[in-house]
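Residue numbers for the sequence shown follow the numbering used here, beginning at 10 and rising by one. Where is the CB? At the ideal position from N, CA and C, for every residue including glycine. What follows is a single structure, written as structure tokens, with notes after it.
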Amino acid sequence: MSLTKTYNPNDTEDKWYSYWLEKKFFRSIPDEREPYTIVMPPPNVTGVLHMGHMLNNTIQDVLIRRARMQGKNACWVPGTDHASIATEAKVVHMLKERGIDKKSISREEFLEYAWEWKEKYGGIILDQLKKLGASCDWDRTRFTMDPDLSESVIDTFIHLYKEGYIYRGVRMVNWDPMGQTALSDEEVIRKEVDQRLFYLRYPIVGSENEYLIIATTRPETIMADAAICVNPNDPRYQHLKGKRVIIPLVNREIPIIEDEYVEMDFGTGCLKVTPAHDLNDFELGQKHNLEIIDILNDDGSLNEKAQILIGQDRFAARKNIIALLENDGKIEKIENYKSQVGFSERTDAVIEPKLSMQWFCKMDELAKPALDYVMNGEVNLIPDKFTNSYKHWMENVKDWCISRQLWWGQRIPAWFNKDNEWVVAKTEADAVAEFEKEGKSIEGIVQEEDVLDTWFSSGLWPISVFDGLKDPEGADINYYYPTNDLITAPEILFFWVARMMIFGHEFKNQAPFKNVYLTGIVRDKLGRKMSKSLGNSPDPLELMKLYGTDGVRVGMLLSSPAGNDLMFDVSYCEQGRNFANKIWNAFRLVKSWELNDEKASAADLKVAKWFESKFNSVLIEIEGHFDNYRLSDALMATYKLVWDDFCAWYLEWVKPPYQQAISKETFEITRSFFERILTLIHPFMPFISEELWHDELFGERSELDCCIVATFPRSQPFDQGILKEFKQLQSIVTEIRNIRNAKQISPKEPLPLFYKEGSKIDYADCEFLISKLANLSELNLTKENPSGAISFLIGRDEFFVTINQNVDPEAERERIQKEIAYLTGFLKSVNAKLSNERFVQNAKPDVVLNEQNKKADAEAKLASLMESIEGL
């Protein structure tokens with residue numbers, strides 16, 4: 010095929026993705042090979058592709074493509090999560106637009122609309138992932154509310170209930186007034202908020218002028234107060250023991266109680282106790298047998314128990330009650346105040362503590378094995394800096410509120426009779442049998458309205474996607490489980506990762522994965538988290554149109570070390586696109602060469618031997634990066650190998666002079682190198698590698714001979730000596746080029762180069778290689794410093810370049826003095842390191858040796874420069 014001047018991704022991406030799908034390269038079924046399995050963190054069906062998805066799924070695709078090329082049976086399971094709260098909100102919004110109120114329709118009707126919405130919008134994000142090149146086994150796509158997966162969720166609930174882990178009771182929960190559902194602690198985001206602290210006057214019963222001053226940020230809850238509490242040791246309030254106060258505005262009397270829970274030096278030392286609207290107040294109320302008065306409706310508005318401002322939203326009521334209190338003379342003062350406030354992770358509504366009948370899962374016993382998996386190394390958190398926070402959370406875990414007041418989700422398998430007695434059973438028929446067995450009435454049986462927390466179902470994901478609960482001895486679960494790597498975000502380490510380990514241990518007695526790679530947050534170049542509200546998040550699909558998918562993948566990965574945030578800038582994508590163009594143009598160059606039947610020259614064979622060793626040495630480095638999940642480093646090592654070593658050095662050394670032919674032997678060697686480079690870049694850049702793989706340069710390929718299933722390169726032994734030798738040659742060429750730039754000498758003008766005796770390298774034998782890239786007129790030994798020459802050191806060897814122009818001694822002296830000043834400063838920093846006993850004792854020996862070599866080289870170069878300046 011003829012290659013355009015620049016790479017055009019539009020010509021390749023859809024073509025090759027369709028081809029891979031058609032030939033079922035992504036498909037995986039159990040066989041005799043070693044499995045390599047990843048389950049995709051299922052994005053919400055409400056979601057569209059954002060930069061976090063881009064990063065996460067690019068990493069997964071790199072790992073799965075490399076494993077596939079290593080001959081493993083690579084299986085990447087995609088899917089979506091039903092996302093109860095988010096999806097229900099979307100459906101409610103859709104119904105509003107159609108003029109339908111959720112409250113006016115039945116549950117069954119609502120679910121019909123929900124499924125309609127899911128079928129229309131739920132697959133958008135998976136289609137977008139295909140544009141990214143995600144090589145998932147799409148035949149295995151699962152949804153957390155697929156019938157089989159939902160049945161597994163129900164079976165899990167029943168199992169845990171029978172084992173004594175699940176219970177029902179009235180507890181103080183986190184209530185989302187916008188979603189109108191309970192949330193677990195992990196679904197509450199704490200934010201520091203600017204508030205106001207109101208100091209209110211509570212008149213003391215039986216006293217004309219005396220009152221207590223109570224500080225609160227929530228004056229709208231005073232109508233729910235059940236007591237005022239003071240510390241029994243506080244001398245200021247000893248005389249009030251047994252007395253009562255009057256709640257302003259509603260004029261209801263409440264007792265003054267004593268408890269050491271109140272801190273004497275905080276605020277006024279008086280605490281209003283509102284058991285229905287604060288967790289700590291609830292516990293205090295239980296201890297002192299106080300009345301519980303819940304004045305809020307589920308939507309956050311005030312109910313009849315509030316007596317005033319009935320029907321008003323809590324925040325409107327706060328504003329209005331302040332005006333009423335001021336008119337009544339009950340405000341002492343108002344101060345600005347900062348405090349932590351809980352927000353719903355899904356709706357961003359301010360959370361209300363609320364007493365509610367809910368279903369809970371006991372976590373103490375279940376959490377222990379999930380903690381052990383990490384602490385004993387069976388599951389690796391990458392980077393391991395997250396291990397301590399995981400340990401802290403698992404050791405202090407609270408019971409999990411698993412019920413949600415929604416219709417979209419797996420309905421809790423509990424049944425109630427007319428007497429509000431209940432049983433847990435899979436079907437109504439089973440419930441009837443259970444009621445009869447317990448000798449209870451079977452009249453008026455209805456199922457629990459609540460659904461299960463979404464994380465309850467996604468916690469089963471690595472098992473349920475392989476039907477591991479339905480068919481525990483099935484071929485899939487026994488072949489693919491446990492999976493290998495989980496790629497996810499640190500913020501769901503406890504939401505999801507820990508719960509998968511809990512369920513994995515409970516049902517398979519094994520952790521569900523071996524490694525958890527925790528990605529960072531994608532931020533803009535100012536360090537701000539990308540978000541729609543800030544307008545700083547680019548559209549991934551537009552980026553792929555502009556820079557090509559391979560370019561965007563490279564741009565994302567070049568700066569994304571595990572666990573550290575990615576400071577994203579579109580310039581990274583431009584860098585990725587430029588890399589694709591570099592590979593494309595290098596291929597065009599090789600393809601343009603005319604061939605002759607001559608043998609490869611000794612110089613070409615030497616260069617080939619060097620690049621072979623360079624390729625294998627870098628491959629060992631890349632393998633080490635992959636083993637340690639340093640994908641950014643693996644890509645950068647690949648980038649430098651291709652751009653610098655192959656394109657800038659190897660091709661420049663072997664390419665024939667203008668309009669001359671290259672030996673067929675050198676061409677074949679070069680073509681072989683290029684083919685290996687394509688396999689090396691394929692996991693990162695799947696489209697351009699596949700496109701070039703099928704060029705006629707490589708001859709006729711069968712329809713299944715594709716880069717996606719080619720063998721990933723394996724490192725071989727290499728010649729360390731030739732690497733050192735060529736590093737020296739490259740440094741010489743670079744120094745001469747720098748001299749040309751500094752002296753404004755044309756690359757076309759040949760320059761003489763001299764070197765002193767004593768080198769371990771026979772430079773005369775390498776004259777052709779140096780001359781080809783540095784354009785030398787001669788290369789000779791010298792015993793003396795040539796007059797007026799510019800000198801430089803490469804390692805311990807000293808070189809001299811004489812130039813055919815009058816050198817300005819003063820300018821040359823100034824140049825050398827600047828270099829002396831630089832080297833003196835450099836030497837000072839190296840000496841500081843080497844004189845630091847802690848560094849010398851704790852650093853690796855090769856690091857210390859490297860610093861010692863730097864010192865010796867700098868000292869040698871300084872001596873040479875001093876000698877040169879004396880000759881001017």
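{"query": "Expected contact under 8 Å - CB spacing of Val531 and Leu575 to nearest Å", "result": "5 Å"}
{"query": "Residue of Ala520, Phe465, Asn524 and Ile263 minimising C-alpha distance to Ala212", "result": "First, the residue type needs correcting, since residue 212 is Pro and not Ala in the sequence shown. When only C-alpha atoms are compared, the closest one is Ile263."}
{"query": "4 or more residues per run - each alpha helix (DSSP H) lying fully within the segment 313 to 394", "result": "323 to 336 and 373 to 384"}
{"query": "Contacts around Phe522, its chain only, beta-carbon distance under 7 Å, and the 5 residues preceding and following it disregarded", "result": "Val388, Pro471, Pro491, Thr492, Asn493, Asp494 and Leu495"}
{"query": "Proximity winner among Thr679, Ile678 and Glu699, relative to Ala688 (alpha-carbon distances)", "result": "The question names Ala, but residue 688 is Thr in the sequence shown. Nearest of Thr679, Ile678 and Glu699 to Thr688, Cα basis: Glu699."}
{"query": "Coil, strand or helix - Asp938 by DSSP", "result": "The question about residue 938 has no answer here: the residues shown for the chain are numbered 10 through 881."}
{"query": "Distance CB(Cys284)-CB(Gly276) smaller than 8 Å", "result": "Cys is not the amino acid found at residue 284; the sequence shown has Pro there. No, the pair does not count as a contact, with Cβ atoms beyond the cut-off."}
{"query": "Opposing strand residues paired with Thr46 [DSSP bridges]", "result": "Cys84"}
{"query": "Whether Trp431 touches Ala423 by CB criterion (8 Å)", "result": "yes"}
{"query": "Terminal residues of the alpha helix (DSSP H) in which Pro156 lies", "result": "Pro156 to Lys171"}
{"query": "Option in Gly56, Glu267 and Asn289 with minimal Cα separation from Gly132", "result": "Gly56"}
{"query": "Straight-line Cα distance separating Tyr399 from Leu158", "result": "28 Å"}
{"query": "Residue burial classification, His102 (beta-carbon count within 10 angstroms, cutoff 16)", "result": "exposed"}
{"query": "Alpha-carbon spacing of Gly61 relative to Gly468, whole angstroms", "result": "21 Å"}
{"query": "Buried or exposed (CB count within 10 angstroms, at least 16 for buried), Met384", "result": "exposed"}
{"query": "Inter-residue spacing [alpha-carbon to alpha-carbon] between His514 and Pro378", "result": "7 Å"}
{"query": "Cβ neighbour criterion (16 or more within 10 Å) applied to Arg205", "result": "exposed"}
{"query": "Alpha helix (DSSP H) segment containing Gly178, residue limits", "result": "From DSSP, Gly178 is part of no alpha helix (DSSP H) but of the beta strand (DSSP E) over Ile175 to Asp185."}
{"query": "Cβ pair count under 8 Å reaching 3, the segment 714 to 724 against the segment 783 to 803", "result": "no"}
{"query": "Ile745 versus Ala646: straight-line alpha-carbon distance, rounded", "result": "26 Å"}
{"query": "First and last residue of the uninterrupted beta strand (DSSP E) at Gln137", "result": "No beta strand (DSSP E) holds Gln137; the alpha helix (DSSP H) holding it covers Ile133 to Lys140."}
{"query": "Where Phe324 falls, given that 16 or more other Cβ within 10 Å makes a residue buried", "result": "exposed"}
{"query": "Which residues DSSP lists as bridging Met576, in chain order", "result": "Arg532"}
{"query": "C-alpha distance - Asn862 paired with Glu31, whole-angstrom precision", "result": "57 Å"}
{"query": "7 Å Cβ shell around Gln737 - same chain, five flanking residues per side excluded", "result": "Ile770, Ile803 and Gly804"}
{"query": "In DSSP terms, what Asp494 is bridged to", "result": "Asn524"}
{"query": "Contact check, Gly560 vs Ala589, beta carbons under 8 Å", "result": "yes"}
{"query": "Gly320 versus Cys279: straight-line alpha-carbon distance, rounded", "result": "30 Å"}
{"query": "Environment of Gly142 [buried if 16+ CB atoms lie within 10 Å]", "result": "buried"}
{"query": "Among Ile317, Arg199 and Gly188, nearest to Thr356 - alpha-carbon criterion", "result": "Gly188"}
{"query": "Contact set for Lys618: own chain, Cβ-Cβ below 8 Å, skip 5 residues either direction", "result": "Asp728 and Ile731"}
{"query": "Cutoff 6 Å; reference Asp642; Cβ partners in own chain excluding five residues on either side", "result": "His634"}
{"query": "Minimum C-alpha distance to Asn487 - residue among Trp409, Gly448 and Gln519", "result": "Gln519"}
{"query": "Where Ala841 falls: helix, strand or coil (DSSP)", "result": "helix"}
{"query": "Host alpha helix (DSSP H) of Lys129 (start-end)", "result": "Arg116 to Tyr130"}
{"query": "For Arg199: DSSP bridge partner residues", "result": "Gly351"}
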